[in-house]
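Below is one structure, written out as structure tokens; comments come after it.
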Amino acid sequence: MNLNMDIPKNYLEKLKSKRPLKITSERQECIQRFVDKINLERIGTKFKPATWRQINGLVAHVKIRDLYWLFKECERGDFFSKKFFGILKNLRAKKLNFATKSI
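Residue numbers (my numbering): 515 to 617.
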């Protein structure tokens, strides 16, 4: 991945919401790290920047210690966001299979 892409000067301004998020917990800080890494990869692509709310919704069921594991695993991959969404999809599929087997 080419990280030396030209970043528009107003890119950070576009990412800021009308109501800035006040990070008050370890979990919020961790989720913000995911948002920042995912959005760095989205520069110059057809994908819009991810919002804090979107990522928080995806990882709402994940415990804080598992968020640290997830972040570490995503950094090991070639593409952070691809690994992130792939692991979450896999976790949901396993959870769904477990739920259907127990019925």
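Glycine is no exception: its CB is placed at the ideal position from the N, C-alpha and C atoms.
N- and C-terminal bounds of the alpha helix (DSSP H) containing GLY571 | 566-572
Please determine if the segment 597-607 and the segment 553-560 are in contact, where contact requires at least 3 C-beta pairs separated by less than 8 Å.
-> no
Do ARG541 and PHE585 come within 8 Å of each other at the CB atom, strictly closer than that value?
-> no
From the DSSP output, in three-state form, read off ILE601 for me.
-> Here ILE601 sits in helix by DSSP.
Taking DSSP as the reference, what is the three-state secondary structure of VAL576?
-> coil
Proximity winner among LYS562, LYS523, LYS551, ILE545, relative to LEU572 (alpha-carbon distances) | ILE545
With a Cβ-Cβ cutoff of 8 Å, do ILE578 and ALA564 count as a contact?
-> no
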